[in-house]
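Some notes on the structure that comes next.
Residue numbers (our numbering): 18 to 222.
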């Protein structure tokens, strides 16, 4: 169920790329995040105990570090292991008075010019993907000067059926975000919409 009570949406992501992360526990057959991470690791890496332990800890970190405002958390964990990252999907009520570009723009000042690309989707129509860099000032213990580590930010935005979708990923490894950008666009092909009973009754009347 999305933010708009008049519309329900369903998401069936490509499980070869995206692992849906339970937002809270207990969830389905898992009482704790530890159980979820352990089961996931045993399925993903059945034959290498050491690597399985590393994978399990990474899964646990993802489960324990979710964005509170998000409706869904998705772990980008392709089967070949070429990159791993986390994306958070926020679903908000759309504001028809604003363009998608205005709604997609982040509220901070990017350390580099924000890059924006437009795509088209059969499921949600227009998609905008923005890339930016957040520079965080961290004091140095040696001489009091500040270092500026960079964190990349990719935001992929779409609107449909009165809802605004913001799929976001943050990572200090910019190469990881590079691998995630196309799958984040393709992700929206997995979004479908269903009119609820209230909509049907209103149409009949």
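Ideal Cβ positions, reconstructed from N, Cα and C, are used throughout, including at glycine.
Go ahead and label residue i buried or exposed: buried means 16 or more other beta carbons lie within 10 angstroms of its beta carbon, across all protein chains shown.
| i | result |
| --- | --- |
| residue 202 | buried |
| residue 99 | exposed |
| residue 188 | buried |
| residue 200 | buried |
| residue 36 | buried |
| residue 191 | exposed |
| residue 74 | exposed |
| residue 26 | buried |
| residue 49 | exposed |
| residue 66 | exposed |
| residue 185 | buried |
| residue 72 | buried |
| residue 218 | At residue 218, the pLDDT of 47 sits below 50, so the modelled position is not reliable and the matter cannot be decided from this model. |
If contacts are defined as beta-carbon pairs under 8 Å, then residue i and residue j qualify, I think. What distance do you get, rounded to the angstrom?
| i | j | result |
| --- | --- | --- |
| residue 84 | residue 92 | Contact doesn't hold; Cβ gap of about 13 Å is too wide. |
| residue 206 | residue 140 | 5 Å |
| residue 149 | residue 170 | 5 Å |
| residue 76 | residue 54 | 4 Å |
| residue 120 | residue 34 | With a Cβ gap of about 26 Å, residue 120 and residue 34 do not count as contacting. |
| residue 117 | residue 145 | 6 Å |
| residue 102 | residue 194 | 7 Å |
DSSP three-state label for residue i, please.
| i | result |
| --- | --- |
| residue 78 | helix |
| residue 212 | strand |
| residue 48 | coil |
| residue 29 | coil |
| residue 62 | coil |
| residue 204 | helix |
| residue 195 | helix |
| residue 54 | helix |
| residue 73 | helix |
DSSP beta-bridge partners for residue i?
| i | result |
| --- | --- |
| residue 188 | 169 |
| residue 38 | 90 |
| residue 104 | 91 and 186 |
| residue 181 | 109 and 176 |
Subject >> Secondary structure, alpha helix (DSSP H): runs of 4+ residues fully inside the region 106-178 >> reply: 117-121
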